[in-house]
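Chemist: Residue numbers (UniProt numbering): 1 to 295.
Glycine included, each C-beta is placed from N, C-alpha and C at the ideal position.
Quick caveat, the model's predicted, so the values are computed rather than measured.
See the structure below:
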């Protein structure tokens with residue numbers, strides 16, 4: 001098959017692209033950076049350099065593809081960008097490019113919360129889902145992962161300086177966490193054989209509360225405390241460091257939604273979601289390696 005993917009050689013793509021190439025597929029990787037050309041070629045794929053804001057470029061890159069893999073990417077949240085507006089623009093770009101190119105199979109990296117208006121910033125992913133679902137005679141499957149383990153690296157500085165994790169979410173609230181390795185397993189399967197019609201697949205690597213994370217860190221030599229902060233303080237701090245007001249408020253709403261875990265994960269738990277292999281304890285080892293490397 002001819003396969004075209006967005007996302008350059010990011011953490012998800014680098015885990016499944018070798019398998020697609022080993023299977024003998026003709027793979028094109030879209031990147032915004034010429035610096036990635038050599039690495040993409042070394043992998044055995046074809047680089048296509050351009051912007052996901054350029055519909056004509058995307059349509060040309062997609063042309064002749066049996067399947068394309070899409071994601072909302074290239075948004076710098078901390079630069080004052082309004083993520084809602086950016087997600088709308090990219091969603092319409094992708095819809096137009098798929099329509100122009102005639103592609104009939106789409107795998108779209110979305111998110112948990114894309115189907116939940118109360119999910120704050122995560123609900124911005126519904127723009128892409130709705131835009132792509134409106135395409136007739138195109139098979140579309142949305143991958144909906146939960147929170148990335150890598151988000152936990154945001155606690156690194158406060159752990160080093162204050163031995164404390166500051167979070168707006170209660171320490172005993174279970175949260176879903178996911179590794180790009182497990183997302184890649186699902187992406188590989190869905191790209192290799194895209195389901196007919198319009199569908200979605202949730203992905204969870206593990207479930208863990210704040211207490212579970214503290215215990216996992218302790219097992220790897222990092223002793224810490226957990227301090228819950230007001231949702232309002234989170235939003236104000238984000239605005240102070242440059243986040244757009246709408247984006248900061250939407251992140252605050254996401255954390256508020258996570259406090260009601262039963263409602264937040266209801267649609268996920270109602271499906272046969274993919275349970276991955278990378279557990280919280282596994283990521284704690286990765287986190288500790290970085291923590292102690294730079295002490």
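Among 212, 222, 16, 253, which residue has its Cα nearest to the Cα of residue 230?
Modeler: Cα-wise, what sits closest to residue 230 is 253.
Chemist: Going by CA-CA distance only, name the one from 172, 181, 199, 290 that's closest to residue 261.
Modeler: Checked all of 172, 181, 199, 290; the closest Cα to residue 261 is 172.
Chemist: Skipping 5 residues on each side, what residues in its chain have a beta carbon closer than 7 angstroms to that of residue 122?
Modeler: 111, 112, 113, 114, 254.
Chemist: Taking DSSP as the reference, what is the three-state secondary structure of residue 70?
Modeler: If DSSP states are grouped into helix, strand and coil, residue 70 belongs with the strands.
Chemist: Measuring alpha carbon to alpha carbon, tell me which residue in 223, 102, 152, 193 is nearest residue 141.
Modeler: Checking every option, the nearest Cα to that of residue 141 belongs to 193.
Chemist: Taking residue 3 and residue 191 to be in contact with their CB atoms under 8 angstroms, please state how far apart those CB atoms are, rounded to whole angstroms.
Modeler: At roughly 6 angstroms, the Cβ-Cβ gap stays under 8 angstroms, so residue 3 and residue 191 are in contact.
Chemist: Return the chain-ordered list of same chain residues with a C-beta closer than 7 angstroms to the C-beta of residue 212, the five sequence neighbours on each side being excluded.
Modeler: Counting only Cβ-Cβ distances below 7 angstroms, and skipping sequence neighbours, we find 280.
Chemist: I'd like to confirm the pairing. Which residues does DSSP put opposite residue 225 in its beta bridges?
Modeler: In the DSSP output, where bridge partners are listed per residue, residue 225 has 164.
Chemist: Determine the extent of the alpha helix (DSSP H) in which residue 45 is found, giving its start and end residues.
Modeler: Element bounds for residue 45: n/a, residue is neither H nor E.
Chemist: Out of 215, 41, 259, 181, state which residue places its alpha-carbon closest to the alpha-carbon of residue 165.
Modeler: Minimum Cα distance to residue 165 is reached at 215.
Chemist: Touching or not, the segment 219-230 and the segment 83-100, by the rule of three or more beta carbon pairs under 8 angstroms?
Modeler: Not touching, per the Cβ criterion.
Chemist: Mind checking which residues open and close the alpha helix (DSSP H) that includes residue 126?
Modeler: Taken as a continuous stretch (DSSP letters only), the alpha helix (DSSP H) holding residue 126 covers 126-133.
Chemist: Taking the alpha carbon of residue 167 as the point to measure from, which residue in 283, 25, 155, 109 has its own alpha carbon closest?
Modeler: Checking every option, the nearest Cα to that of residue 167 belongs to 155.
Chemist: In angstroms, rounded to a whole number, what distance separates the CA positions of residue 383 and residue 259?
Modeler: The structure shown does not extend to residue 383, since the chain is modelled only from 1 to 295, so the question has no answer here.
Chemist: CA-CA distance, residue 131 and residue 263?
Modeler: Residue 131 and residue 263: Cα-Cα distance of roughly 25 angstroms.
Chemist: Provide the residue span of the alpha helix (DSSP H) that contains residue 14, from first to last.
Modeler: 13-22 is the extent of the alpha helix (DSSP H) around residue 14.
Chemist: Suppose you measure from the CA of residue 53 to the CA of residue 96; what does that come to, to the nearest Å?
Modeler: If I take the Cα positions, the gap works out to 11 angstroms.
Chemist: Closest to residue 294 by CA distance: which of 159, 207, 223 is it?
Modeler: The residue with the shortest Cα to Cα distance from residue 294 is 159.
Chemist: So does the segment 133-140 actually touch the segment 173-186, counting three or more Cβ pairs closer than 8 angstroms?
Modeler: Flag = no, the segment 133-140 and the segment 173-186 do not touch.
Chemist: Quick one: what does DSSP say residue 206 is sitting in, helix, strand or coil?
Modeler: DSSP places residue 206 in strand when its eight states are reduced to three.
Chemist: Could you spell out the range, first to last residue, of the beta strand (DSSP E) harbouring residue 152?
Modeler: Per DSSP, residue 152 belongs to no beta strand (DSSP E) and is neither H nor E.
Chemist: Apart from the five residues on each side of it in sequence, which residues of its chain come closer than 8 angstroms, Cβ to Cβ, to residue 37?
Modeler: Result list for residue 37: 31, 47, 49, in chain order.
Chemist: Could you tell me whether the Cβ atoms of residue 12 and residue 183 are closer together than 8 angstroms?
Modeler: Their beta carbons are under 8 angstroms apart, which means residue 12 touches residue 183 by this criterion.
Chemist: Excluding the five sequence neighbours on either side, which residues of its own chain have a C-beta within less than 8 angstroms of the C-beta of residue 288, listed in chain order?
Modeler: Hits under 8 angstroms: 217, 220, 221, 222.
Chemist: Can you give the beta carbon distance from residue 119 to residue 257, rounded, assuming they're within the 8 angstroms contact cut?
Modeler: Yes, residue 119 and residue 257 are in contact; Cβ-Cβ is about 5 angstroms, under 8 angstroms.
Chemist: Looking only at its own chain, which residues have a Cβ that is under 7 angstroms from the Cβ of residue 275, when we skip the five neighbours before and after it?
Modeler: For residue 275, where only same-chain residues beyond five positions count, the Cβ hits under 7 angstroms are 204.
Chemist: Would you tell me roughly how many angstroms separate the C-alpha atoms of residue 6 and residue 267, rounded to the nearest one?
Modeler: Approximately 27 angstroms between the Cα atoms of the pair.
Chemist: Once DSSP output is grouped into helix, strand and coil, what is the label at residue 40?
Modeler: DSSP places residue 40 in helix when its eight states are reduced to three.
Chemist: State yes or no: is the C-beta of residue 55 within less than 8 angstroms of the C-beta of residue 106?
Modeler: Cβ distance not < 8 angstroms, so residue 55 and residue 106 don't count as in contact.
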